[in-house]
Each structure stands twice: as C-alpha cells, then as structure tokens.
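*Asks:* Under this note's numbering, think of the first position of the sequence shown as 1204, with each following residue one higher.
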Amino acid sequence: MTATGAAAEPGTAGSTRRGRALVLVAIVVLAVNLRPAVTSLGAVLGDVRAELGLTGWLAGLLTTLPVLCFAGVGAVTNRLTHRFGLHLAALISLLTVAAGSGARALADSPAEFTAATTLALAGMAVGNVSLPPLVKLHFPGRIPTVTAMYSCALLTGAALPAGVSVPVADATGTWRWGLGLWAITALVAALPWLALLRHDVRDTGSAPAFSARAIVRSPLAWSMAVFFGSQSAQAYAQFGWLPSIYADAGLSQQSAALMLTVATVVGVPAPLVLPAYARRTSDHRPLVVVFAAVTAIGLGGLMLVPATLPWLWAGLLGLGGCAFPWVLAMIALRTRSMEGTAALSAFVQSTGYLLSAIGPLGTGVLYDLSGSWTVPIAVLMALTVPMLWCGLQFARPRQLEDELAPRGEA
C-alpha cells in the first residue's frame, strides 16, 4: 500500500485535532447524502408519474431499485477503494450522487429518469461500503462512537426529504426542484473530501489482500450478510408498507404516515447508546436477543392488534432497526485491518441488500395473494429467526483474519 501525501499516519489526515475534525465532518456529511435520493422520490412520486407517464410497474421497480443497486455496485466497491483509495471513492460517491440527482431533475422521459436514478443509487452504494473502512482507518479506537454518529446522519438524511422536498416542490411549482436540490447538498458534501485527497491510501499494483473467493469461505462473513439481509428486508418492508398497514387497520392517512415517522425517529438516538455498551464488553449476544425480541413483538402487535397502541408497535420496530448501525460497527470490530474491513463491508452489504429485496417485494406479493396483511407480517416475523441465529454467531468475539488465515497461523 502506498499513501499519497505526507501524513502522520498512513492515509490519515494527520494526527492533529483539526485534521481529525475534518475527517469526522467529511464522514458525517457523506452519510447524510446516502439516503435522500431514495426517500425524496417517494415524497413526490405522484407528481413524477403524472408528468413523465411512469407506469405502475416502473414505479414499483423504482422502489426496489435501491437494494438492487446497493447489492450490485456494492459487490465491486472493494476493488474500487483498493485501487483508487477510500478518500477518492468517497468523492466519487458524492459526485455520482450529485450527477444522478441533477440528471433526474432534468429528465423528460421514464427511461431518462430511471437511468439517472440508477446513477445516483450507484454513487450511494459506493458510499455505503466505504463508510466502515473509513472509520476503521481514521478512528480505530472509536469505532462504535463514530459509527453511531454516521448512523444518525444516515437516518437524518433519510428523514429530511419528507419535510423538505414537498415544500420546495410546492414553492417552485415543480417536483424537479424537490429532487434536484439534493444534487446541491451532495456537491457541498464533496468539498471536504477534495481537501482529504492528498492524504489518501491506495494500492496501484497488487490485488486486494482479501479476494471475493476468500470472503465467501468465511462463516463470519455469511452470518453477518444473512443478519444484515434479514434486518434490511424488514426495514425496507416497513418503509414501503407500514403506512398502508396502519391505514387499513383504521388509522387516518395522516396518523398512518406518522407511525412511519415514529419508527424512524425512535431509532435516531438509540445508536448513541451502543458505544457505551461496546466499551463494556466484546460479547454482544445479549444485544442480538434484544434486537430480535423487540422486532418480533412489534411485528406481532402490528399483525394482531395494529390499531391498539399503534405507537408502541412502531416504536418497538424502530428499536429493532437499531440492529442496522450495530452490524455496521461490527463489520469494523470483527476485522483487524482496514483491508479486511473493506472486503467484509463489500460482501456483507452487497449480499445482504440482495437478500433484503424479498422484504418490500415479498410483502406486496403476499398481500395481493392473501388479501390481508397477516401472511406477509408473519413472514417478516419469521425472518427474526435467521436474524437471531446468525447474529449470535458473530456477536461473540472472533476475527475475519483468523478464519481466513492458513491453518496453523490463526
């Protein structure tokens, strides 16, 4: 590995407080911009469909496209970060998000809009995979704390468009500004990464230290990927269908939409508690049990008595969603090297997001086939079983490098 620029540590922005602060700000603003391209579309989708003539099946594809792009592009991001460096990968991520967001605001046909959306999502996928190794590289002693910070930033970025895109679209008289403004925020977020390019780490010749074939042989990697996929399947099903479930149970449209906000907001402060827990113990199995239990109870209440204590079920689902920032932190905690973190992040997120596609798609299909929400919610509850089992496997102390080392060297 060779580092570009002089730095106190390889690849870091230096050992000064100012340098660390710049890196932290860069990581947080990167995270904020990795969700608006997804959630802003839902806020103005009706206007987009009306103007561009999007068919129902294409609108459905656009809601599933994020997890497919996250899976496909995430699978090759490890080679990108290895060859060009994590800082340049973060910059490419934000510039691609900006280009895609700006292009779809100018789109005049369904094909142009879909292509631009795919471009923005591809940039987000690169950023998703780059975040854990960035934290490992710059803050190896504060992984839970910094992961909690950027997880809160991700949730904030997901929630912002609901309160911003529609008012902007109403004020300007077009959905195009409601979507296009996120290109501006991505460009602004790219500025600190420009300053950090000279401190990047990249390898210009050798192959990645951890090949995809090697990672596939790791039980640790597979247990994390299945956990990530099970949790994300539930999360994306909730994002897509939770308001409809509550509305069909008798809540008003406004109250039903508010329940999704509750599920999202409850999860925002919770990641800040995780670092204190992580500092006390390296065995996180009790936490896995809590994640699975609150998710199962929340889904059970949603299935059996959704209109009774609806805030409670939404809040429990939000607490269960805290498994997402936890597994991101575990990607870095279960590896010793930045290269191992990058490889594990690429595998877990690409495989996990591919598995998670069954959540929103399967929920809609099962509802259409059964005519009620009981069956799809029961299937989502069943996903807590592999989530629990797989989580217990990697929650106990173990390291990726030990599994992949030649026998006798671990």
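Beta carbons: idealized from backbone N, C-alpha and C, even for Gly. Only a predicted model underlies this, so the values are computations on that prediction, with no experimental measurement involved.
Can you give the Cα-Cα distance for Ser1304 and Ala1510, rounded to whole angstroms?
*Replies:* Those two C-alpha atoms are separated by around 38 Å.
*Asks:* For Ile1418, which residues of its own chain have a beta-carbon under 6 Å away from its beta-carbon, when the five flanking residues on both sides are left out?
*Replies:* Cβ neighbours of Ile1418 beyond the five flanking positions: Ala1424, Ala1546, Phe1550.
*Asks:* Do you know whose CA, among Trp1592, Ser1243, Arg1221, lies nearest Pro1422's CA?
*Replies:* Checked all of Trp1592, Ser1243, Arg1221; the closest Cα to Pro1422 is Trp1592.
*Asks:* Gly1330 and Leu1237: beta carbons closer than 8 Å?
*Replies:* Going by C-beta atoms, Gly1330 is nearer than 8 Å to Leu1237.
*Asks:* I'd like to know if the segment 1519-1527 and the segment 1315-1330 are in contact, where contact means that at least 3 CB-CB pairs between them fall below 8 Å.
*Replies:* In short, these stretches do not touch, since the Cβ pair count stays below three.
*Asks:* Select from Ser1296, Thr1566, Thr1320 the residue whose C-alpha is nearest the C-alpha of Phe1442.
*Replies:* Of Ser1296, Thr1566, Thr1320, the residue nearest in Cα terms is Thr1566.
*Asks:* Which two residues bound the contiguous alpha helix (DSSP H) that contains Cys1593?
*Replies:* Residues 1587-1598.
*Asks:* Where do the ends of the alpha helix (DSSP H) carrying Gly1501 lie?
*Replies:* Unbroken alpha helix (DSSP H) run through Gly1501: 1488-1507.
*Asks:* Mind reading off the beta-carbon distance from Pro1589 to Ser1435? Whole number of angstroms is fine, and I expect it under 8 Å.
*Replies:* Actually they do not touch by this definition, with Cβ atoms about 13 Å apart.
*Asks:* DSSP three-state label for Ser1409, please.
*Replies:* Unreliable positioning characterises Ser1409 in this predicted model, as indicated by a pLDDT of 49, which lies under 50. The coordinate reading is nonetheless provided below. In the structure shown, Ser1409 sits in coil (DSSP, three-state: anything other than H, G, I, E or B).
*Asks:* Ala1510 lies in the alpha helix (DSSP H); which residues open and close that run?
*Replies:* It is not in any alpha helix (DSSP H) - Ala1510 carries neither H nor E in the DSSP assignment.
*Asks:* Would Pro1563 pass as a contact of Thr1266 if the rule is Cβ separation under 8 Å?
*Replies:* Yes.
*Asks:* Starting from the C-beta of Gln1602, find all residues in its chain whose C-beta is less than 7 Å away, skip the five residues before and the five after it, and write them out in chain order.
*Replies:* Cβ within range, chain order: Arg1537, Thr1538, Arg1539.
*Asks:* Is the beta carbon of Ala1460 sitting closer than 8 Å to the one on Pro1446?
*Replies:* Contact: yes.
*Asks:* In whole angstroms, what separates the C-alpha of Leu1475 from that of Gly1501?
*Replies:* Approximately 22 Å, taken between the alpha carbons.
*Asks:* Would a C-beta distance cut-off of 8 Å place Trp1444 and Asp1250 closer than the cut-off?
*Replies:* No, these two residues do not count as a Cβ contact at 8 Å.
*Asks:* So, with DSSP's three-state summary, where would you put Gly1432?
*Replies:* Three-state DSSP puts Gly1432 in a helix.
*Asks:* What's the C-alpha gap between Leu1291 and Leu1390?
*Replies:* The alpha-carbon atoms of Leu1291 and Leu1390 are separated by roughly 14 Å.
*Asks:* Under the rule that 16 or more other beta-carbon atoms within 10 Å means buried, what is Ala1314, buried or exposed?
*Replies:* Exposed, by the Cβ-count rule.
*Asks:* Cβ of Ala1491 within 8 Å of Cβ of Leu1363?
*Replies:* Strictly speaking, residue 1491 in this sequence is Val, with Ala absent from that position. No, these two residues do not count as a Cβ contact at 8 Å.
*Asks:* Would you mind stating whether Pro1347 and Leu1477 have Cβ atoms separated by less than 8 Å?
*Replies:* Taking 8 Å as the Cβ cut-off, Pro1347 and Leu1477 qualify as a contacting pair.
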